[in-house]
Structure formats: C-alpha cells, structure tokens
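Undergrad:
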C-alpha cells in the first residue's frame, strides 16, 4: 500500500540524532524529515547542513502546519515540556526513552494525547529488532511451553559514562530509568503487563571524579545522585515471576544476561539495548537418558543492525493506517510506572502494586502494519 509520507521534525541534535536521521531519511519511505532544532541552534545547523534539512527553533516547528510528527531526542528531564507543547500544537510525538522523568507528567501527557486524538509513543524500539521479535515468536508458538520465570542481569560502568554524558547525572537518568528501560520494555513486549514489584535500590556514590579527558569538566568532582544498583522481583499479571538485577559499578563494556524459563526448556536472549543477536534455546528432554544440545533459533531478518528510527516509522504507518501503534503510549506509560515503582519500593521497603495495564504489541508482519517492514 502506497501511503503519503508523514512530515517529521527532530528535536535534539545530540549524539543519538545521527543514527535516527540517517535511518529515518534513507530506510523508511513513510517518513519525510523536514527540520531539526536544538537548545543550541548551532548544533541544529550542523546536523541540518549534514543531512540537507532545515535548522530552526522549536517554536518554528510547532507553528509549521506541514509538520505532522515530532521525534524528540532530548534527555528525559526535558521530555514533559516539549511533548506537551507539541501535543498542544497538534503534533504526534515519538520520544526517546523514557516517556518522561516522572509518572505524574506522563499521565497528564497520555490524557492530553487522548483528548487531542494524537499519537504518543516512546523508545526503546529495540523490541522491534530481529532478536526480540524472534524470541517473541518462539514464545507465541509454544517453543517454551508454559513460561515459568525469567532472570535479568545487566552490568556496566558508570565511572566513564557519567564523565562522558552529563545527562546521566540528571533526574530520570539513573541505571533503572536510563538502562533498565530496555529490559523492562523487552519483558513487557514478551510477557505482557506487570502486576507488582519489590526491590532494593542503592546510590552508593553521590560524587564522582570526571575521568574523561575530552570533557571540559575533566578532573572535577561531579554530583551523581542517581541510583546505580537495583535488585528487583517482578510478578507479571499472567503469574510469571522473575528477577531484574542492574549494576552500574561493575564493567566498562555492557554485560547483558537475559533468560526466560519454561516447561519445555530455556530461552537465552541477547542484549535488549541492541536490535540483533542470536537467540538460543535449550530443550528440556524430560528423560535422564536423553541428551540435549542448545539450538540456535532461525532469526527474523529485519532490523538486526542499529535500526533506531523503526519506532517513528512504525508510528507513522499507524497514523496513516488508522490503527494502534506498536510503540504505543500505554506500553511506554506502563513501563515507566514499573520503573518508578521499583525505585519507590526500594525507598519504602515494601511491595508496590502496578495500576496501569497494556497489551503486548503485535508481532511485525502480523495483522495490519506490515508496511513498516518495507525498508
């Protein structure tokens, strides 16, 4: 089906903008990127010159009736204000993770989007990548049998990252919100909504020395108030219970462990911060005299490389087809509520009930919306 491209503008010209701009402008015919803005106009001008688009202010974008959708690539603490302005201007919005930095503002924006009949969604869109789509297909087809539990362990090193990226020191950018969002989005896309959580959360290093030599703050002591260690138990509404462990004080290169257990075997997943990777399955033979070997599951071919931008493309197709988007605001809000509940549980030392709900997004290639696959 041939659809008119959705005219789009990008807000934010940081490091992540290059892969978004490249993919949105070259891989997805449903998107027509017209303009970019940033808090520092000169940054937007550099990107605009590189990609052959307009550099302008946010106000100019919001006043441009031709622009239908905003792709917001600013840090989480800035999301609420920008999204609100865009929705009030009649623009659909796809934002980088998380939806906002707090649940109250997110709820207000969800309500506003409903009132305005506008699309609102958020990253990460890595659950649309080949690895997690392959895992989802295996679960749906009963490869695991009945899913019984899961385990997540994600490790990285804040010492370098906090020095390189100042936004990681801002509200909503601790290990749970900035990094755990990939794992929670993956789990919700695979298993459905969460019912309750309990956690222990620590922020043991309120100060860090900037050790990144290229930083203008090199050698300075930085305030680093966000959490860096999280251990949580999550129970999903389908009864499946598992653990999520996040540690930002352990390894320079991200170390990702993600496993889903079932009555027919074990599914080994890859880093949900990536789009591709190998999904492995260890069958349960049920007999001691039978041997079994780990199997590599046939991978879905689409979006195995860095495909950031597939989320906005999926939303654009949903707009044109008049259907629910796979990167829908309900799932983004639900994931944010779970992340906030993990932090609150650690503070209050009690179980937290999750009040929001969402549905698992439809697999790519199933039902309407197959056009997102047309690169």
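Residue numbers (this note's numbering): 15 to 389. Beta carbons are placed, not taken as given, at the ideal position from N, Cα and C, and that holds for glycine.
1. Is the CB-CB distance between residue 65 and residue 102 below 8 Å?
2. Return helix, strand or coil for residue 181, following the three-state DSSP convention.
3. So, are the CB atoms of residue 136 and residue 341 less than 8 Å apart?
4. Can you grab the Cα-Cα spacing for the pair residue 239 / residue 47, in whole Å?
5. At which residues does the alpha helix (DSSP H) containing residue 298 begin and terminate?
6. Taking only the alpha-carbon atoms, compute the straight-line gap between residue 81 and residue 93 and give it to the nearest angstrom.
7. Just to confirm the assignment: which complete alpha helix (DSSP H) runs, minimum length 4, are found wholly within the segment 135–175?
8. Does the structure place the segment 21–39 close enough to the segment 305–325 that three or more beta carbon pairs sit under 8 Å?
9. Pull up the distance between the alpha-carbon of residue 88 and that of residue 19, whole angstroms please.
10. Let me make sure I understand the geometry here. Which of 205, 144 and 303 has the alpha-carbon closest to that of residue 250?
11. Using a Cβ-Cβ cut-off of 7 Å (strictly less than) and excluding sequence neighbours within five positions of residue 100, which residues of its own chain qualify?
12. Determine the closest residue to residue 212 out of 362, 286 and 21, with distance taken between C-alpha atoms.
13. Whose C-alpha, out of 379, 364, 360 and 350, is nearest the C-alpha of residue 370?
14. Spatial neighbours of residue 114 within its chain, please: C-beta separation below 8 Å, excluding the five flanking residues on both sides.
15. Measuring only the C-alpha atoms, how far is residue 127 from residue 225?
16. Out of curiosity, what's the CA-to-CA distance linking residue 315 and residue 153?
17. Express the C-alpha separation of residue 336 and residue 372 in angstroms, rounding to a whole number.
18. If you run the structure through DSSP and keep just helix, strand and coil, what is residue 245?
19. Excluding the 5 residues preceding and the 5 following residue 344 in the sequence, name in chain order all residues of the same chain whose CB lies nearer than 6 Å to its CB.
20. For residue 54, count neighbouring C-beta atoms within 10 Å of its own C-beta (all shown protein chains included) and say buried if the count is 16 or more, exposed if not.
21. Mapping DSSP to helix, strand and coil, what is residue 193?
22. I'd like the span of the alpha helix (DSSP H) that includes residue 213, first residue to last.
23. Out of 180, 248 and 177, which has the shortest C-alpha to C-alpha gap to residue 357?
24. Considering residue 278, what are the terminal residues of the alpha helix (DSSP H) in which it resides?
25. So for residue 384, helix, strand or coil by DSSP?
26. Going by other Cβ atoms of all chains shown within 10 Å of its Cβ, with 16 needed for buried, is residue 365 buried or exposed?
27. I'd like the list of long-range same chain contacts for residue 243, defined as Cβ closer than 6 Å, with 5 residues on each side in sequence excluded.
28. Beta carbon of residue 414, beta carbon of residue 327: below 8 Å?
29. Could you give the residue range of the alpha helix (DSSP H) that holds residue 120?
30. The beta strand (DSSP E) with residue 51 in it runs from where to where?
31. Between residue 68 and the rest of its own chain, which residues show a CB-CB distance below 8 Å, the 5 nearest in sequence each way excluded?
32. Count the other CB atoms within 10 Å of the CB of residue 329; is the residue buried (16 or more) or exposed (fewer)?
TA: Put simply:
1. Residue 102 sits away from residue 65, with the two beta carbons spaced by 8 Å or more.
2. DSSP places residue 181 in helix when its eight states are reduced to three.
3. Residue 136 is a Cβ neighbour of residue 341, given a cutoff of 8 Å.
4. Going by the C-alpha atoms only, they are around 37 Å apart.
5. No residue range can be given for residue 298, since it is assigned to no alpha helix (DSSP H) and is classified by DSSP as neither H nor E.
6. Distance from the CA atom of residue 81 to the CA atom of residue 93, rounded to whole angstroms, is 19 Å.
7. Annotation: the segment 135–175 contains the following complete segments of the alpha helix (DSSP H) (minimum length 4 residues), in chain order: 144–154.
8. Result yes; three or more Cβ-Cβ pairs closer than 8 Å.
9. Taking C-alpha positions only, residue 88 is separated from residue 19 by approximately 24 Å.
10. Of the candidates 205, 144 and 303, the one whose C-alpha sits nearest the C-alpha of residue 250 is 205.
11. In chain order, 76, 84 and 107 place their CB closer than 7 Å to the CB of residue 100, counting only its own chain and leaving out the 5 sequence neighbours on each side.
12. Answer by Cα proximity: 362.
13. Just measuring C-alpha positions, the residue of 379, 364, 360 and 350 sitting nearest residue 370 is 350.
14. In its chain, beyond the 5 residues on either side, 90, 93, 94, 97, 120, 123, 186 and 350 have a beta carbon closer than 8 Å to the beta carbon of residue 114.
15. Residue 127 and residue 225: Cα-Cα distance of roughly 42 Å.
16. C-alpha separation (whole angstroms): 18 Å.
17. About 19 Å.
18. In the structure shown, residue 245 adopts extended strand secondary structure according to DSSP, grouped into three states.
19. Same-chain partners within the cutoff: 372.
20. Counting every other CB atom within 10 Å of its CB across the protein chains shown gives residue 54 a total below 16, marking it as exposed.
21. Three-state result, residue 193: helix.
22. Counting along the chain, residue 213 falls outside any alpha helix (DSSP H), though it belongs to the beta strand (DSSP E) covering 208–216.
23. The shortest Cα separation from residue 357 among 180, 248 and 177 belongs to 248.
24. Following the DSSP letters along the chain, one finds residue 278 in no alpha helix (DSSP H), marked with neither H nor E.
25. Reliability fails at residue 384, whose pLDDT of 44 lies under 50, so the model's placement of it is uncertain and no value is given.
26. Answer is exposed; the Cβ neighbour count stays below 16.
27. Correct list, in chain order: 216 and 261.
28. The chain is shown only over 15 to 389; residue 414 falls outside these bounds and no answer can be derived.
29. 117–130 is the span of the alpha helix (DSSP H), which, as asked, contains residue 120.
30. That run of the beta strand (DSSP E) goes 45–51.
31. Result list for residue 68: 48, 49, 50 and 62, in chain order.
32. Residue 329 comes out buried.
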